[in-house]
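Just below is one structure, and these are the notes that go with it.
2 protein chains.
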Amino acid sequence: MTNTSASRRDIPDATVARLPVYLRVLRALSGRGVDVVSSNELADAAGVRSAGLRKDLSYLGSYGVRGVGYDVERLSEEITRELGLQSDFAVAIVGMGNLGRALADYRGFATRGFEVRWLIDNDPALTGIHVGALAIVDFDGFRPAADESVIGVIATPPHAAQAAADALVARGVRSILNFASEPLDLPESVAVRKVDLATELQILAFHDQRTRPEPAPLVEVPS
Amino acid sequence: MTNTSASRRDIPDATVARLPVYLRVLRALSGRGVDVVSSNELADAAGVRSAGLRKDLSYLGSYGVRGVGYDVERLSEEITRELGLQSDFAVAIVGMGNLGRALADYRGFATRGFEVRWLIDNDPALTGIHVGALAIVDFDGFRPAADESVIGVIATPPHAAQAAADALVARGVRSILNFASEPLDLPESVAVRKVDLATELQILAFHDQRTRPEPAPLVEVPS
DNA sequence: GGGTGTGAAGTTGTTCACAGCT
DNA sequence: AGCTGTGAACAACTTCACACCC
Numbered sequence: 001m002t003n004t005s006a007s008r009r010d011i012p013d014a015t016v017a018r019l020p021v022y023l024r025v026l027r028a029l030s031g032r033g034v035d036v037v038s039s040n041e042l043a044d045a046a047g048v049r050s051a052g053l054r055k056d057l058s059y060l061g062s063y064g065v066r067g068v069g070y071d072v073e074r075l076s077e078e079i080t081r082e083l084g085l086q087s088d089f090a091v092a093i094v095g096m097g098n099l100g101r102a103l104a105d106y107r108g109f110a111t112r113g114f115e116v117r118w119l120i121d122n123d124p125a126l127t128g129i130h131v132g133a134l135a136i137v138d139f140d141g142f143r144p145a146a147d148e149s150v151i152g153v154i155a156t157p158p159h160a161a162q163a164a165a166d167a168l169v170a171r172g173v174r175s176i177l178n179f180a181s182e183p184l185d186l187p188e189s190v191a192v193r194k195v196d197l198a199t200e201l202q203i204l205a206f207h208d209q210r211t212r213p214e215p216a217p218l219v220e221v222p223s
Numbered sequence: 001m002t003n004t005s006a007s008r009r010d011i012p013d014a015t016v017a018r019l020p021v022y023l024r025v026l027r028a029l030s031g032r033g034v035d036v037v038s039s040n041e042l043a044d045a046a047g048v049r050s051a052g053l054r055k056d057l058s059y060l061g062s063y064g065v066r067g068v069g070y071d072v073e074r075l076s077e078e079i080t081r082e083l084g085l086q087s088d089f090a091v092a093i094v095g096m097g098n099l100g101r102a103l104a105d106y107r108g109f110a111t112r113g114f115e116v117r118w119l120i121d122n123d124p125a126l127t128g129i130h131v132g133a134l135a136i137v138d139f140d141g142f143r144p145a146a147d148e149s150v151i152g153v154i155a156t157p158p159h160a161a162q163a164a165a166d167a168l169v170a171r172g173v174r175s176i177l178n179f180a181s182e183p184l185d186l187p188e189s190v191a192v193r194k195v196d197l198a199t200e201l202q203i204l205a206f207h208d209q210r211t212r213p214e215p216a217p218l219v220e221v222p223s
């Protein structure tokens, strides 16, 4: 809802969630000098089915050539544009515990169009300390320009997550990646994605328990 | 498919993915001395709709009381049992870079039934070094008992992920949480979940770009 | 031949709305 | 009266299969 204004073309959420994966594969191919790829090869490398891949790409338009495949460069650009990644996004990480520091140093961001530009923590003992090339600031030191897009990453302890989110939103952040297990209560207009590590493990635990091979591989006694 | 043996009751994947969230909320309620909760309150705290919550819980059986709500303790136990979390799971983290170290120290695991028991890295310069109470070992030092369930967490650089996964599986691991962006090629019998941080950011970028308020909200003079 | 693009069918997940129990 | 449990309607997503084009 709230979808009042024009929503360009309507790309399903499930598709949007896979576009970054395709993009990564395409860039790897491009780096290896490949310039045409079939839906089968691409799907394989991305871990999806080829029919699904073709359907996903069809939402962007027709960028493939029948009997041949997709132009790697062209498709790459198209997805980049669709995801809005032509210009770099700035990232602000809140919470400089272990996880926050690890994220601050994470190499994968820069290579995919994200620049970590602020490290925020309200603990006065931490402000001023450098992590990599950046100094930790408190929220007063976080003043993004009104026209720049900043993605906020919450890596605080659970009880501080809501306050961190509110502070980010108050300063114009409209997209948040939340590592705290606490669900955030925010305006509809703010996009939130959650990564809860313990939840992921629990989901795996469920499947593990369900596919346990034998009931109890005890004993081997004859008798 | 491959669904040869009995699959107890059939709980939808989407429901399984939410059970851990409910469980966390229930435990928090329990800690605050609450002993009955309605689907509305629980749904609210978990960030879902009440009808959906009730449907989810209905897959576990009928543990609510009409006109009253759910017994917090009872439901907690039921979900715990269903997820297979009665006994602790052991976790092995592979790749002791920034992310691996952060995960090794992550407090959220222990409180949710997971014990990090192995820290693995094949770099000889790292083996023997302690991170918290555990020493880093190489794969030769990873010898879980045949009957214990271990969840493997891959926090290596992308190019090492497949080899790490293969090594885990060769030692009996059947559940893997993969932080590397590389998709893993593994037998069907191994459950894999992927957490790709850059992908999450890119999905947010898409939404951000799409909901940008005005073309250019300039002016207003600060100084 | 080879591989894309896409309606149609099938599957899975969500929401509604109300019967039924306490 | 209040709140759960659930069939039934609905919506989203996936897979199939084949027409169509190079």
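Same order as they appear, the protein sequences are chains A and B. Mapping the first sequence onto UniProt numbering, position 216 (from 1) lands on 216, and the numbers just tick up by one. Mapping the second sequence onto UniProt numbering, position 121 (from 1) lands on 121, and the numbers just tick up by one. C-beta: ideal position from N, C-alpha, C; glycine also.
Item                                                                                                                                                                                     : Value
Run down chain A in chain order and give the residues with a C-beta less than 7 Å from the C-beta of Gly108 (chain B).                                                                   : Ser181, Leu197 and Ala198
Are three or more beta carbon pairs between the segment 80-88 of chain B and the segment 38-46 of chain B nearer than 8 Å?                                                               : no
Identify whether Tyr22 (chain A) lies in helix, strand or coil by the three-state DSSP scheme.                                                                                           : helix
For Val173 (chain A), I'd like the list of residues in its chain whose CB is within less than 6 Å of its CB, leaving aside the five on either flank, ordered along the chain.            : Val150 and Gly152
If we cut at 7 Å on Cβ distances, does Ser5 (chain A) have a partner in chain B?                                                                                                         : Residue placement at Ser5 (chain A) is flagged as unreliable, the pLDDT there being 32, under the threshold of 50; the coordinate-derived value follows with that caveat. Chain B, which has no Cβ nearer than 7 Å to the Cβ of Ser5 (chain A), makes this no.
Does the separation of the CB atoms of Pro20 (chain B) and Gln202 (chain A) fall below 7 Å?                                                                                              : yes
With respect to the alpha helix (DSSP H) encompassing Leu134 (chain B), which residues constitute its N-terminal and C-terminal limits?                                                  : From DSSP, Leu134 (chain B) is part of no alpha helix (DSSP H) but of the beta strand (DSSP E) over Leu134 to Val137.
In the DSSP assignment, what residue or residues form a beta bridge with Ser68 (chain B)?                                                                                                : In the sequence as presented, Ser is not what sits at residue 68 (chain B); that position holds Val. Paired residues: none, contrary to the question.
In this structure, what does DSSP give as the bridge partners for Leu177 (chain A)?                                                                                                      : A:Val153 and A:Arg193
Assign Leu186 (chain B) to one of three DSSP states: helix, strand, or coil.                                                                                                             : coil
What is the DSSP secondary structure of Arg117 (chain B), counted as helix, strand or coil?                                                                                              : strand
Taking all protein chains shown into account, decide if Ala205 (chain B) is buried (16 or more other Cβ within 10 angstroms of its Cβ) or exposed.                                       : buried
With 7 Å set as the bound, which would you pick, yes or no: does the beta-carbon of Ser175 (chain A) sit closer than that to a beta-carbon of chain B?                                   : yes
Could you check what DSSP says for Ala146 (chain B) in three-state terms: helix, strand or coil?                                                                                         : coil
Give me, in chain order, the residues of the same chain whose beta-carbon lies closer than 7 Å to that of Phe142 (chain A); leave out the 5 immediate sequence neighbours on both sides. : Ala92, Trp118, Ile120 and Arg171
State yes or no: is the C-beta of Tyr59 (chain B) within less than 7 Å of the C-beta of Ile11 (chain B)?                                                                                 : yes
Listing by chain order, which chain B residues have their CB less than 8 Å from the CB of Asp208 (chain A)?                                                                              : Gly84, Phe89, Ser149, Ile151, Arg174, Ser175 and Ala191
Between which residues of its own chain and Glu78 (chain B) is the CB-CB distance below 8 Å, once the five residues before and five after are set aside?                                 : Leu60, Gly61 and Tyr63
Give me the Cα-Cα distance between Val190 (chain B) and Pro157 (chain B), rounded to the nearest whole angstrom.                                                                         : 21 Å
Would you give the residue range spanned by the alpha helix (DSSP H) that Val34 (chain A) belongs to?                                                                                    : It is not in any alpha helix (DSSP H) - Val34 (chain A) carries neither H nor E in the DSSP assignment.
Taking a contact to mean a Cβ-Cβ separation below 7 Å, would you say Glu148 (chain B) touches Arg193 (chain A) in this structure?                                                        : no
Just to make sure I have the definition right: I need the residues of chain A whose C-beta is within less than 7 Å of the C-beta of Ile203 (chain B). Which are they?                    : Val16, Ala17, Pro20 and Arg193
What residues match up with His159 (chain B) in a beta bridge as DSSP calls it?                                                                                                          : His159 (chain B) is not bridged to any residue.
At what residues does the alpha helix (DSSP H) containing Ala110 (chain A) begin and finish?                                                                                             : Taken as a continuous stretch (DSSP letters only), Ala110 (chain A) belongs to no alpha helix (DSSP H), as it is neither H nor E.
Starting from Arg32 (chain B), find everything on chain A with Cβ-Cβ shorter than 8 Å and list it in chain order.                                                                        : Near Arg32 (chain B) there are no residues of chain A at all, since even the closest Cβ is about 13 Å away, more than 8 Å.
What's the gap between the Cα of Ser5 (chain B) and the Cα of Gly128 (chain A)?                                                                                                          : With a pLDDT of 32 at Ser5 (chain B), under the threshold of 50, the predicted position of this residue should be treated as unreliable, and no value is reported.
Flag this pair as yes or no: are the beta carbons of Leu29 (chain B) and Val65 (chain B) separated by less than 7 Å?                                                                     : no
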